[in-house]
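Novice: In our numbering, the protein residues as written are 7 to 407.
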Amino acid sequence: MTHPASFCIDDARVVVPGREVVRGGLRVTDGRIAAFGPAVRAAAGEARIAASGALLTPGLIDVHTHGLHHVRYDAGPGDLRQGAACLGAYGCTCAYPTLIGKADKAFLELLSATCAGLDGADGPNGACMPGLHLEGPFLAFTGAGCTLVPGDVGMLREILAAGQGRVASMSISPDAENILPVIEVLVEAGIRVFITHTGATLAQTQKAIDAGARHATHFYDVFYPQPETDLGVRPVACVEAILADRRVTVDIITDGVHVDPTAVRMSLYAKGWENLMMITDSNVGAGLPPGEYDTPWGFRIYAHPAKAARIIGDHPFAGALAGSALTSNVGMANLLSWFGEELEEARIWAMGTSNPARLMGLEGKGTIRVGADADLVLWQQESLTPRLTWVGGRCIYDSTK
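(1) If you draw a straight line from the alpha carbon of VAL290 to that of GLY238, how long is it in whole angstroms?
(2) Measuring alpha carbon to alpha carbon, tell me which residue in HIS264, GLY205, ASP257 is nearest ASP227.
(3) May I have the straight-line CA-CA distance separating GLN66 from VAL21, to the nearest angstrom?
(4) Evaluate the contact criterion for the segment 127-145 versus the segment 87-104: three or more CB pairs, one atom per stretch, below 8 Å.
(5) Looking only at C-alpha atoms, which of ILE106, ALA356, PHE305, GLU194 sits nearest to ALA324?
(6) Quick check on the DSSP output: the alpha helix (DSSP H) that includes CYS244 runs from which residue to which?
(7) With H, G and I counted as helix, E and B as strand and the rest as coil, what does DSSP make of ARG271?
(8) Taking 8 Å as the threshold, find out whether the segment 75-86 comes into contact with the segment 373-389 through three or more Cβ pairs.
(9) Between the Cα of ALA380 and those of ALA331, ARG400, MET272, spot the shortest distance and give me the residue it belongs to.
(10) In the DSSP assignment, find the unbroken beta strand (DSSP E) run with THR71 in it and report its ends.
(11) Have a look at THR301 and LEU105 and give me their C-alpha separation to the nearest angstrom.
(12) Would you mind working out which of VAL383, GLU351, LEU382, THR223 sits nearest LEU365, comparing C-alpha positions?
(13) Could you check how far apart the C-beta atoms of ALA214 and GLU190 are, in whole angstroms? I think they sit under 8 Å.
(14) Span of the beta strand (DSSP E) holding LEU282?
(15) Spell out the partners DSSP gives THR2 in its beta bridges.
(16) I'd like to check one pair, ILE185 with GLY157: are the Cβ atoms closer than 7 Å?
(17) Three Cβ pairs or more, each shorter than 8 Å: is that satisfied between the segment 317-335 and the segment 365-375?
(18) Per DSSP, what kind of secondary structure is ASP85 in: helix, strand or coil?
(19) Return the Cβ separation of GLU26 and ALA352 in integer angstroms, given the expectation that the two are a contact with Cβ distance under 8 Å.
(20) Can you tell me whether MET357 is helix, strand or coil according to DSSP?
(21) Is the number of C-beta pairs between the segment 83-90 and the segment 45-62 that are closer than 8 Å three or more?
(22) What residues in its chain sit with their C-beta under 7 Å from that of VAL376, if we drop five residues either side in the sequence?
(23) Could you give the DSSP three-state label for MET161: helix, strand or coil?
(24) What's the call for ASP266, buried or exposed, on a 16-neighbour Cβ count within 10 Å?
(25) Name the residue from ARG252, ILE285, VAL245 whose alpha carbon lies nearest to the alpha carbon of ALA269.
(26) What are the boundary residues of the alpha helix (DSSP H) that includes ALA122?
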């Protein structure tokens, strides 16, 4: 699926994230936005797409996703291209495949192979994958008895070597032993440090932030409260430290299951719209009908678009959440539904576009401006499902085909 080197999208409601919604046209030339606004119209003989007043936005950016459909990024590099090819159908033009980090040789081999597979993963019809997000190894996963893996700078250096410069972010727990040197090495290497899976105290969280951890991923979810030690006095810990610190941005799984919309609203007013982001944390099964699916982590899940993904079968944590069944367009639709009456539309769209682009240092993505990458979505009139999706001016999804 391709479009000419130059084409014009006429009569769209063009969303400039964080700023405004403009009725007009947008011209793409050689993979970049060449012009947009009320006066832009297709020239004689120019390829034209009639939007008829439909929304035209930057493509959505997902900084935390484990897979979708039958794709599992932990399964190896072969799944990268398959995943990239699926994303355009949900309006996602840029994603950071997430691997569960482990402190062992097998993971180093998987990481090395997966990083090598990033080159060309977008293929002719895929979303871009600029790098990987590693969730761990220096944290604890859900459930009683899960071990909090201590920080290990030696192991970290082995991971970074295997990552071949393609590790863009790593999630850590501030309460892991010896975690501050790990954060410092990551920051020095230019890798974003995300806080997650933690029951850290106020002091532990503040020290991690001071060391350079400036983002919290799937915020609220697996952020454990401290026990009450003074009768009637509410404990203050990691969640409050993050909400109160202006240096820290947050992302949230916006399926309405992992986090209640009231808590999302609390983050909106504590952090401001420009510091709040949407992620899917999607797992195998996302985008598919309800059903049972295998995972590469030794258990099966039941995924349902409206009910997330949960562990099933003979497993000690059967019934527990295991990622989401969320797709990017549904997550965005939820934000628009929750906040549409209290926040400007362009600011809500920033949570899935310009905000994650800024977090990851993606110059030219997540925005509408002259010279920016033509990573765009023209949405259907009747629902927030894509009609056409482009990456760098390449059409990666056409709902009519």
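Backbone N, C-alpha and C fix where the C-beta goes; we use that ideal spot for every residue, glycine too.
The structure displayed is predicted, hence computed values, not measured ones.
Specialist: Walking through what the data contain:
(1) If you take the alpha carbons of VAL290 and GLY238, they lie about 43 Å apart.
(2) Comparing Cα-Cα distances from ASP227 to each of HIS264, GLY205, ASP257, the minimum goes to HIS264.
(3) According to the sequence provided, residue 66 is Leu. The question's Gln does not apply to it. If you take the alpha carbons of LEU66 and VAL21, they lie about 12 Å apart.
(4) Result yes; three or more Cβ-Cβ pairs closer than 8 Å.
(5) Comparing Cα positions, the closest option is PHE305.
(6) From DSSP, the alpha helix (DSSP H) with CYS244 extends over 244-250.
(7) The answer is helix: DSSP assigns ARG271 an H, G or I state.
(8) Pairwise C-beta distances place the segment 75-86 out of contact with the segment 373-389, as fewer than three of them are shorter than 8 Å.
(9) Considering only alpha carbons, the answer is ARG400.
(10) Looking at the DSSP string, the run of the beta strand (DSSP E) that includes THR71 is 66-71.
(11) Rounded to whole angstroms, THR301 to LEU105 spans 12 Å at the Cα level.
(12) Taking each of VAL383, GLU351, LEU382, THR223 in turn and checking the Cα distance to LEU365, the smallest one comes out for THR223.
(13) Contact doesn't hold; Cβ gap of about 11 Å is too wide.
(14) First-last of the beta strand (DSSP E) with LEU282: 282-285.
(15) Examination of residue 2 is not possible in this model, given that the chain is present from 7 through 407 alone.
(16) Going by C-beta atoms, GLY157 is nearer than 7 Å to ILE185.
(17) Short answer: they don't touch.
(18) Three-state result, ASP85: helix.
(19) With a Cβ gap of about 5 Å, GLU26 and ALA352 count as contacting.
(20) The answer is coil: DSSP assigns MET357 none of H, G, I, E or B.
(21) Under the Cβ criterion (8 Å, minimum of three pairs), the segment 83-90 does not count as touching the segment 45-62.
(22) Once the five neighbours on either side are set aside, the close Cβ partners of VAL376 are ILE39, ALA40, ALA41.
(23) In the structure shown, MET161 sits in a helix (DSSP, three-state: H, G or I).
(24) By the neighbour-count rule (16 or more Cβ atoms within 10 Å), ASP266 is not buried but exposed.
(25) Cα-wise, what sits closest to ALA269 is VAL245.
(26) 111-124 is the span of the alpha helix (DSSP H), which, as asked, contains ALA122.
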